[in-house]
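Student: The structure under discussion is supplied below as structure tokens; questions concerning it will follow.
Residue numbers (the working numbering): 607 to 735.
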């Protein structure tokens, strides 16, 4: 099950944060086709988000083809986005985890790491793809 974390200071609409977190969970393999998403009431209880906001996010997920709402049963994931090389046990993830440990050991803050990663990402993927 996915646990949503809402950053009210991010400037990103709350419903889009939910959509992005579901998409990330799909890419990381944390959510699979057929998995049931938490109800709007469960999300509201855990995040203090209005249930209608969650329903808006779920409608967007449905529009994107990631989920389907089944009346009376809930919202279910309809497709996988995970690739074997992005899973938690993949060599790439292991290397990234080791790099993050090294960055922390060398005194980089989370903001430093994000800035460094963003610069490297922009060099490797100039079009953002």
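Even glycine gets a Cβ: it sits at the ideal position worked out from N, Cα and C.
It should be emphasised that the depicted structure is a prediction, and the values quoted were computed from it without experimental measurement.
(1) Checking 8 Å against the spacing of the C-beta atoms, do residue 685 and residue 639 come in under that value?
(2) On the three-state DSSP scale, how would you describe residue 676?
(3) Between 731, 733, 728, 681, which lies nearest to residue 641 when the distance is taken from Cα to Cα?
(4) Using the C-alpha atoms, what's the distance from residue 676 back to residue 625?
(5) For the segment 652–669 and the segment 696–716, state whether three or more C-beta atom pairs, one from each stretch, are separated by less than 8 Å.
(6) Which stretch, first to last residue, makes up the alpha helix (DSSP H) that contains residue 662?
(7) Give me the Cα-Cα distance between residue 617 and residue 650, rounded to the nearest whole angstrom.
(8) What are the boundary residues of the alpha helix (DSSP H) that includes residue 723?
(9) Take the Cβ of residue 660 as the centre, count every other Cβ of all protein chains shown within 10 Å, and call the residue buried at 16 or more, exposed below.
(10) Using 10 angstroms around the beta-carbon of residue 620, count the other beta-carbons present and answer buried if the total reaches 16, otherwise exposed.
Tutor: According to the data block:
(1) In contact: residue 685 and residue 639 (Cβ atoms closer than 8 Å).
(2) DSSP places residue 676 in strand when its eight states are reduced to three.
(3) Nearest C-alpha to residue 641 among 731, 733, 728, 681: 681.
(4) Using only the alpha carbons, I get a separation of about 18 Å.
(5) Contact fails: fewer than three Cβ-Cβ distances are below 8 Å.
(6) First-last of the alpha helix (DSSP H) with residue 662: 657–669.
(7) Rounded to the nearest angstrom, the two C-alpha atoms are 19 Å apart.
(8) Residue 723 -> alpha helix (DSSP H) spans 716–730.
(9) A buried status is given to residue 660, since no fewer than 16 other beta-carbon atoms sit within 10 Å of its beta-carbon.
(10) That one is buried.
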